[in-house]
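Colleague:
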């Protein structure tokens, strides 16, 4: 079982030690398995070893893209789909919710959508009866599915966000991440748009981590695993670790991911004092910590 928050995270040398304790793993994608362009050293081999050990893996991503698109990205980097049960994405979750209109928020969205995208990719919302507008003035709602960082900074979106707020447009956020790796460096992610819109007084519905609903899809895909034998693995305290906590799951934190710089991971860190300070200011605490997603 995971350590209590008061006890601090148990430091493990690799995923093999996790596999001794758990049968199912819910694994983050960006920052754990790859950086968006290249797989991390040992990550593919680690998934192979988990499969050989009879463990079950679901990849859970806050990506605003559809699950099929995420699978293609993984396969391009050498991650065979046979290594995990399912790829679950925030983008797919958002699409399904807009189609179903099963709760009051989504039921009142309308059909005219102004989409914030990365490189013009609106694929998660295509083919479901929406009309994409050229301006917020024409829209019934906003969809934050991508951000063109680093080409566009958050400030470049201010005019659009303020115009939308003036119309009281609701926003669907299909990727709550506030930062992502792009070829080895951190850039803004879609969640910064949603947070800025909230700061302006706008209404936002978030899909993905750290909101617990999406973990239900993961648990369903890990149907072979007994309760208490599933662990969430990720590199973001605000998304992976907090999300696991809200879903009632133990968690394992990857030190060499998004927080690597502040933890001194590139220099063999963190030392005890650095880790203690990091844990004390964290919004949620993991039960375990590992240097990287390696066996």
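Residue numbers (my numbering): -1 to 293.
Each residue gets a CB set at the ideal place from its N, CA and C atoms; glycine is no exception.
Everything numeric in this text was worked out from a predicted model, so none of it was measured.
Measuring CA to CA, which of 208, 64, 167 is closest to residue 198?
Modeller: 167
Colleague: For a quick check, are the C-beta atoms of residue 261 and residue 253 less than 7 angstroms apart?
Modeller: yes
Colleague: Tell me, please, whether the region 138 to 146 touches the region 106 to 115 by the rule of three or more beta-carbon pairs shorter than 8 angstroms.
Modeller: yes
Colleague: The alpha helix (DSSP H) spanning residue 104 covers which residue range?
Modeller: 102 to 105
Colleague: Beta carbon of residue 53, beta carbon of residue 33: below 7 angstroms?
Modeller: no
Colleague: From residue 3 to residue 282, what distance separates their C-alpha atoms?
Modeller: The predicted model places residue 3 with a pLDDT of 41, which falls under 50 and marks its position as unreliable; any figure quoted below should be read in that light. Using only the alpha carbons, I get a separation of about 8 angstroms.
Colleague: Once the 5 residues before and after residue 180 are set aside, which same chain residues still bring their CB inside 6 angstroms of it?
Modeller: 34
Colleague: How far does the alpha helix (DSSP H) with residue 91 in it reach, from first residue to last?
Modeller: 88 to 98
Colleague: Identify, in the order they occur along the chain, each residue of the same chain with its Cβ nearer than 8 angstroms to the Cβ of residue 291, setting aside the five sequence neighbours on each side.
Modeller: These residues qualify, in order along the chain: 13, 25, 30, 31, 38, 40, 41, 44, 231, 252.
Colleague: What whole-angstrom Cβ distance do residue 235 and residue 186 have, given they're in contact under 8 angstroms?
Modeller: So it is not a contact: roughly 18 angstroms between Cβ atoms.
Colleague: Are the CB atoms of residue 134 and residue 215 within a distance shorter than 7 angstroms?
Modeller: It is not a contact, given that the beta carbons lie outside the stated cut-off.
Colleague: Report the residue from 71, 125, 70, 264 whose alpha carbon sits nearest the alpha carbon of residue 96.
Modeller: 125
Colleague: For a minimum of 3 consecutive residues, which ranges assigned as the beta strand (DSSP E) are wholly contained in the region 28 to 60?
Modeller: Runs of the beta strand (DSSP E) inside the region 28 to 60: 54 to 59.
Colleague: Considering only residues of the region 178 to 247, which uninterrupted beta strand (DSSP E) runs meet the minimum length of 3 residues and lie entirely inside it, listed in chain order?
Modeller: 183 to 186, 202 to 204, 228 to 232
Colleague: For the region 125 to 184, list the alpha helix (DSSP H) runs that are entirely contained and at least 4 residues long, ordered along the chain.
Modeller: Correct list: 156 to 164.
Colleague: Tell me which residue opens and which closes the alpha helix (DSSP H) that residue 274 is part of.
Modeller: 270 to 279
Colleague: Could you please give me the residues that DSSP links to residue 114 through a beta bridge?
Modeller: 142
Colleague: Check whether the Cβ of residue 159 lies closer than 6 angstroms to any heavy atom of the ligand ZN, and answer yes or no.
Modeller: The ligand ZN is not among the ligands present in this structure, which contains no ligands whatsoever.
Colleague: For residue 204, I'd like the list of residues in its chain whose CB is within less than 7 angstroms of its CB, leaving aside the five on either flank, ordered along the chain.
Modeller: 171, 174, 192
Colleague: How far does the alpha helix (DSSP H) with residue 290 in it extend, from its first residue to its last?
Modeller: Here residue 290 belongs to no alpha helix (DSSP H), and DSSP marks it neither H nor E.
Colleague: Does the distance from the CB of residue 280 to the CB of residue 16 come in under 7 angstroms?
Modeller: no
Colleague: For residue 195 versus residue 245, is the C-beta distance shorter than 7 angstroms?
Modeller: no
Colleague: Residue 165: which of 201, 210, 55, 237 sits nearest, CA to CA?
Modeller: 201
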